[in-house]
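Take -6 as the starting number for the sequence shown in this note's numbering and just add one per residue.
Here the structure comes first, spelled out in structure tokens, and everything after it is commentary.
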Amino acid sequence: MPKSNDWTIIKILAWTESYFKDHSIDSSRLTAEMLLAYCLGIKRLDLYLQHDRPLQKNELSNLKALIKRRIQNEPTAYIIGEKGFFDSDFKVASGVLIPRPDTETIVEEALKVLGACKENVKPKTIFELGTGSGAIIISLAKVAPDHLYFASDVSVTSLAIAKKNAEIILSKTMKDKIVFFAGDWFSSLKKSPEFDPIFDQKFDLIISNPPYIPSKDIQTLQSEIRLFEPLLALDGGRDGLDSFRFILDDAHHYLVPGGTILLEMGFDQKEGIQNISKQYPEYQFIEFIKDLAEHNRVALIKKSID
Ligand SMILES: C[S@@+](CC[C@H](N)C(=O)[O-])C[C@H]1O[C@@H](n2cnc3c(N)ncnc32)[C@H](O)[C@@H]1O
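Structure below.
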């Protein structure tokens, strides 16, 4: 790491990129830009507009600390406290899953279910289970603000971050806030003091990206996931299907007739989810939606009309 303060932004970017390459860090240039922009409190584009600005001694030592964290495999999103997802920047923190690009598939599918691009659509009620940073529900509410949105998580750390993200991202687009509940899957509705039982809420759409990695596979994950991301958000039990069992066992009680469930899933879980859903006569229809890599990524299950 250079010591003198005659290092300009452009020189330190090149140095950091090459250092990350030597340490096999993915997207070395982008990572260098993100950490330097964060360290200097400017946008990535400004790095190039101010390319010949020399760094102060304290800026260099702050950058050095961030670089050290990254080569110890801490994800960039945790270091800078933010991750871009579906057109917004979401705050993240240790204990909260970093939203993945793969999860944009379920958001796009939900927007189709909500008829987001059609005119005069009747307001619908949507409930997200396991909201994490709020990436899914907030992205939906931003594009389609006229519906009623509810979301829950068993992790209070995640809920606090999701509420903060909703305040920041939706302040201009939404009058009524998303209602957040804490608790284990559907029990969050039963126990929450904010939930109004007189309302007797049934949902048009229940959506979730639950933990779905088989417990035995957790040890094989990249160290930046395994060592830094919350196990609670990843571990789906022995065969990875436990969350689907819990959710499908209860969801039909909370859906309107003809209502829809959307579940993000692992690419090889089609048969397992089909078998669980077949145990309930309430579920009439099941379809699997592929992501851009042509992997099954989302299960769409419909409750029967009667
Ligand atoms: C795969 S993460 C998804 C987070 C976020 N929805 C996203 O897509 O980025 C799964 C989430 O489910 C939550 N979760 C795990 N077990 C739960 C449970 N029993 N009840 C409610 N939420 C749970 C975790 O805390 C985590 O936030």
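Where a beta carbon is used, it is the ideal one built from N, C-alpha and C, also for glycine.
Looking at chain B, is there any beta carbon in it that lies within less than 8 Å of the beta carbon of residue i?
i	result
Asn51	Of the protein chains in this structure there is only one, and it is not chain B.
Around the Cβ of residue i, are there at least 16 other Cβ atoms within 10 angstroms (buried) or fewer (exposed)?
i	result
Pro274	exposed
Asp197	buried
Val114	exposed
Ala58	exposed
Tyr142	buried
Ser20	exposed
Thr124	buried
Val106	buried
Asp(-1)	exposed
Gly34	exposed
Glu280	exposed
Ile191	With a pLDDT of only 41 at Ile191, under 50, the local geometry of the prediction cannot be trusted, and the value read off the model is given with reservation. Exposed, because fewer than 16 other Cβ atoms sit within 10 Å of the Cβ of Ile191.
Leu38	exposed
Asn158	buried
Lys165	exposed
Leu28	buried
Gly252	buried
Pro94	exposed
Ile64	exposed
Gln262	buried
Thr98	buried
Quick check: is any heavy atom of ligand 1 less than 7 Å from the C-beta of residue i?
i	result
Ile129	yes
Leu256	no
Thr124	yes
Val300	Nothing about residue 300 can be read from this structure; the chain reaches only from -6 to 299.
Thr98	no
Ser145	yes
Trp178	yes
Ala226	yes
Asn66	no
Asn202	yes
Pro94	no
Leu234	no
Leu90	yes
Look at residue i and residue j and say whether their C-beta atoms are less than 8 Å apart.
i	j	result
Ser208	Gly176	no
Val100	Ser132	yes
Arg290	Asp299	no
Ile354	Ile200	Residue 354 lies beyond the range of the chain shown here (-6 to 299); nothing can be said about it.
Glu112	Leu255	no
Leu23	Glu222	no
Glu217	Pro68	yes
Ser148	Lys84	no
Pro203	Leu122	yes
Trp178	Asp243	yes
Leu48	Ile5	yes
Thr150	Ala226	no
Leu224	Ile211	yes
Val136	Leu104	yes
Tyr205	Ser236	yes
Can you tell which of the options has the C-alpha that lies nearest to the C-alpha of residue i?
i	options	result
Trp8	Leu33, Leu53 and Asp39	Leu53
Ala286	Ser148, Leu29 and Thr96	Thr96
Val249	Tyr276, Gln267, Leu38 and Asp232	Tyr276
Cys32	Asp39, Asn51 and Leu56	Leu56
Leu234	Leu182, Ile282, Ala128 and Glu264	Glu264
Met258	Gln272, Ile282, Phe239 and Lys271	Ile282
Ile154	Met167, Val136, Phe173 and Pro138	Phe173
Lys14	Arg46, Ile2, Ile60 and Lys36	Ile60
Using a Cβ-based criterion (distance less than 7 Å to any ligand heavy atom), does residue i qualify as near ligand 2?
i	result
Ser216	Ligand 2 is not among the ligands present in this structure, which contains only ligand 1.
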